[in-house]
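J.:
Residue numbers (our numbering): 148 to 260.
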């Protein structure tokens, strides 16, 4: 069993510090089915618009984000959850005035952490 806190996990800095990614639970912890990641986006920051072969389950911990898909934009705030099916083009944008944080759970596939 593992019990810890996000601040004890070294962040991966993306886009010159506009995004932080922490792999809270992954293969290094012995997880073989899922990877739990915590993303922090500075105001105005966004993830790349992209797609991949696995689904996402997202939970917004703090702030307000916009989930962008090919056909629509959705607003999600603290306490909201988002499901992104496999192969759906998507992006997440911090549309709030403060940092936004969300947990992203994906299936474990070697190399996708």
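Every residue, glycine too, gets a C-beta built ideally from N, C-alpha and C.
Candidates 260, 244, 180 and 232: which alpha carbon is nearest residue 200's?
T.: Residue 200 has its Cα closest to that of 232, out of 260, 244, 180 and 232.
J.: Less than 8 Å between the CB atoms is what I'm expecting for residue 211 and residue 242, so what's the real figure, rounded?
T.: About 5 Å separates the two Cβ atoms, so the contact holds.
J.: With distances taken from CA atoms, which of 237, 255, 208 and 167 is nearest residue 214?
T.: Comparing Cα positions, the closest option is 237.
J.: Could you check what DSSP says for residue 219 in three-state terms: helix, strand or coil?
T.: In this structure, residue 219 counts as coil in the three-state DSSP scheme.
J.: Can you tell me where the beta strand (DSSP E) with residue 233 in it begins and where it stops?
T.: Run containing residue 233: none; DSSP gives neither H nor E here.
J.: Along the chain, where does the beta strand (DSSP E) that runs through residue 254 open and close?
T.: Per DSSP, residue 254 belongs to the beta strand (DSSP E) from 247 to 254.
J.: Excluding five sequence neighbours on each side, which residues of the same chain lie with their C-beta closer than 6 Å to the C-beta of residue 221?
T.: 214, listed in sequence order.
J.: For residue 187, does the count of other Cβ atoms within 10 angstroms reach 16, so buried, or fall short, so exposed?
T.: With 16 or more Cβ atoms within 10 Å of its Cβ, residue 187 is classed as buried.
J.: Select from 209, 229 and 205 the residue whose C-alpha is nearest the C-alpha of residue 183.
T.: For residue 183, the nearest C-alpha among the options comes from 205.
J.: Could you give the distance in angstroms between the alpha-carbon of residue 196 and the alpha-carbon of residue 162?
T.: Taking the straight line from one Cα to the other gives about 14 Å.
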